[in-house]
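Number of protein chains: 2
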Amino acid sequence: MKNMIIASTSTLFDSGYLEYILDDLKSHFSNVQTVLFIPYARPGGITHDEYTERAQAAFSKININVVGLHTFKKADEAIAQAEAIFVGGGNTFVLVSQLYKVNAIQPIIDAVNTGTPYLGTSAGSNICGLTMNTTNDMPIVYPPSFKTLGLVPFNINPHYLDPDTTSKHMGETRETRIKEFMCYNTQPVVGLREGSWLEVKGNDITLKGTLTARIFEHNIEPYEVKPESNLNSLK
Amino acid sequence: MKNMIIASTSTLFDSGYLEYILDDLKSHFSNVQTVLFIPYARPGGITHDEYTERAQAAFSKININVVGLHTFKKADEAIAQAEAIFVGGGNTFVLVSQLYKVNAIQPIIDAVNTGTPYLGTSAGSNICGLTMNTTNDMPIVYPPSFKTLGLVPFNINPHYLDPDTTSKHMGETRETRIKEFMCYNTQPVVGLREGSWLEVKGNDITLKGTLTARIFEHNIEPYEVKPESNLNSLK
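Chains as they are written, first to last, in my numbering: chain A, 198 to 432; chain B, 198 to 432.
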């Protein structure tokens, strides 16, 4: 049975790493002593060790150990034996390239489907969708595929951002970008604002946090769903 | 001999399509009756015909005809015979995918190297660099490669945007994104602000417009260059 937290971001403005969601993580990982951390997204290009230390500092507050996947020789065995998995944010292209390189995609799918608790933030949430086509990240490396974990039957846009009506910059708004995606793809997209997350328990997908989420479906105008909404019918 | 305008954007805030640069286009295309327009980037998912009409409306003001590459059976022949080429903005992933699909990459390189005047805006400028790894666009389709035209010996970041110091959004700034690119790649990146362009005449590359550009080089702190700077040594 799936047991996942798919969070828009790790960090809210003026708050520490994972701080806003730490109480929920405490119950999410209530039976867990050690979390397997996947540091491959390397935010700002930091090393796997540095990133793992950052995760450890946050998880220490709820008395959980963190061990980095990069310290294991065989990624598939480390994932299969993990008590819980946390995939951190950073650059989705870097993350997905490395997951393919160490053959970690299918082992993560198998682990989550057999009940290993999962936490994703930002890039680590984007990969829970069908594809990474709705990431916000710069394509700084070329992954072998944009196909991702498909643990929910839609795509995710983390850090969803409403248009800035005062801006004079001519770059596309997030909504414009996702609407362009809908021209070439049929799966729905869930725009998760910072501070929101999806809770997946078995087949139940629920929007959590205090904010609405923006839903994009093929040939339908984008619409908002409220916190505690059930997204099971979205596919 | 190369003769190119590589522009950050097609459109400035509160101004019409290509309006800010129309005088320069008049001299850039002074001997040209018909421009071959490559509409593949499809901004907002509009059709190739609609996009070509938008380009035609602007070029009519300087008495130049526009014909869309999509109306030709053989892209390579159309490009080889073109008096001039204009690649419009939109989504770089869509543009590059289609350029590979119709085998247009090498014909464009050959045409520009033999003196066919070229204009690129936004995505059409990004592809003038070595790779498309520094596009701002959402990866809504999967191109066969991120390698692009390499008509300048560096990468380009169009619509370069300075950090918004008042923002509470936790997504990466443009500078952070490009610095992440520099962790995995060694070529320089030119961040071109809206209203700026590069003029390429043979081997001379000059920054045009009224704004500075931001230059990222491997293992060097990013720095600004002034308008009329020569970028020939950047590689």
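Beta carbons: idealized from backbone N, C-alpha and C, even for Gly.
Within 9 Å of the CB of T331 (chain B), the CB atoms of chain A belong to M335, P336 and I337, in sequence order along the chain. Secondary structure within the region 327-378 of chain B: the beta strand (DSSP E) runs of 3 or more consecutive residues, fully enclosed, are 352-357 (chain order).
Take the alpha-carbon of K398 (chain B) and the one of K199 (chain B): they are about 5 Å apart. Taking every protein chain shown into account, the CB of Y420 (chain B) has fewer than 16 other CB atoms within 10 angstroms, so this residue is exposed. Its chain contains S207 and A255 as the residues whose beta carbon lies nearer than 6 Å to that of L215 (chain B), once the 5 sequence neighbours on both sides are disregarded; these appear in chain order. Straight across, the Cα-Cα distance linking G406 (chain B) with L395 (chain B) is about 9 Å. Beta-bridge partners assigned by DSSP to Y315 (chain B): B:M201 and B:I282. In the DSSP assignment, Y297 (chain A) falls within the alpha helix (DSSP H) that extends over T289 to K298. Sequence-distant partners of Y381 (chain B) (beyond 5 residues in either direction) whose C-beta falls short of 6 Å from its own C-beta are missing from its chain. Close to chain B, meaning a Cβ-Cβ distance shorter than 9 Å, are the following residues of the region 357-385 of chain A: L358, D361, S364, K365, H366, M367, G368, E369, R371, T373, R374, I375, K376, E377, F378, M379, C380, Y381 and N382.
Residue contact check for T208 (chain B) against chain A: a CB pair falls below 9 Å. Contact check for N352 (chain B) and T328 (chain B): beta-carbon distance about 6 Å, within the 8 Å limit, so the pair qualifies. For E391 (chain A), the C-beta contacts it makes with chain B under 8 Å involve H366 and M367, in order along the chain. In the structure shown, E250 (chain B) adopts helical secondary structure according to DSSP, grouped into three states. Rounded to the nearest whole angstrom, the CA to CA distance from E372 (chain B) to N310 (chain B) is 32 Å.
Contact between V263 (chain A) and T249 (chain A) holds: CB atoms are separated by about 6 Å, below the 8 Å threshold. In the structure shown, A277 (chain A) falls within a helical segment according to DSSP collapsed to helix, strand and coil.
By the C-beta density criterion, E369 (chain A) is buried, having at least 16 other C-beta atoms within 10 angstroms. The criterion of a C-beta distance shorter than 9 Å is satisfied by F283 (chain B) and Y315 (chain B). Between A410 (chain B) and L292 (chain A), the alpha-carbon positions lie close to 30 Å from each other. DSSP lists A:I417 as the beta-bridge partner residues of E414 (chain A).
Close to chain B, meaning a Cβ-Cβ distance shorter than 7 Å, are the following residues of the region 235-250 of chain A: G241 and G242.
About 5 Å separates the beta carbon of V232 (chain A) from that of A281 (chain A), a gap short enough to meet the 8 Å contact definition.
Excluding the 5 residues flanking it on each side, L389 (chain A) has same chain C-beta neighbours closer than 6 Å at S205, P355, Y357 and A410, in chain order.
Counting only Cβ-Cβ distances below 7 Å, N288 (chain A) has contacts in chain B at E377, in chain order. Using a Cβ-Cβ cut-off of 9 Å, F413 (chain A) does not count as an interface residue toward chain B, since no Cβ of chain B sits closer than that to its own.
By the CB criterion at 9 Å, G317 (chain A) and I203 (chain A) fall inside the cutoff. When rounded, the separation of the alpha-carbon atoms in S294 (chain B) and V338 (chain B) is 8 Å. Nearest CB-CB separation between S322 (chain A) and chain B: not below the 9 Å threshold. In the three-state reduction of the DSSP assignment, D307 (chain B) falls in the helix class. Considering only B:L346, B:G242 and B:D359, the residue with the shortest C-alpha distance to A308 (chain B) is B:L346. Residue range L219 to H225 is occupied by the alpha helix (DSSP H) that includes L222 (chain B). From the beta-carbon of F351 (chain B), no residue of chain A is found nearer than 8 Å; the closest lies around 15 Å away.
With a 10 Å radius around the Cβ and a threshold of 16 neighbouring Cβ atoms, E418 (chain B) comes out exposed. Only residues of its own chain outside the window of five on either side were considered, and among them T249, A252, V263, G265 and F283 have a CB closer than 6 Å to the CB of F234 (chain A), listed in chain order. It is roughly 12 Å from the alpha-carbon of M335 (chain A) to the alpha-carbon of F290 (chain B).
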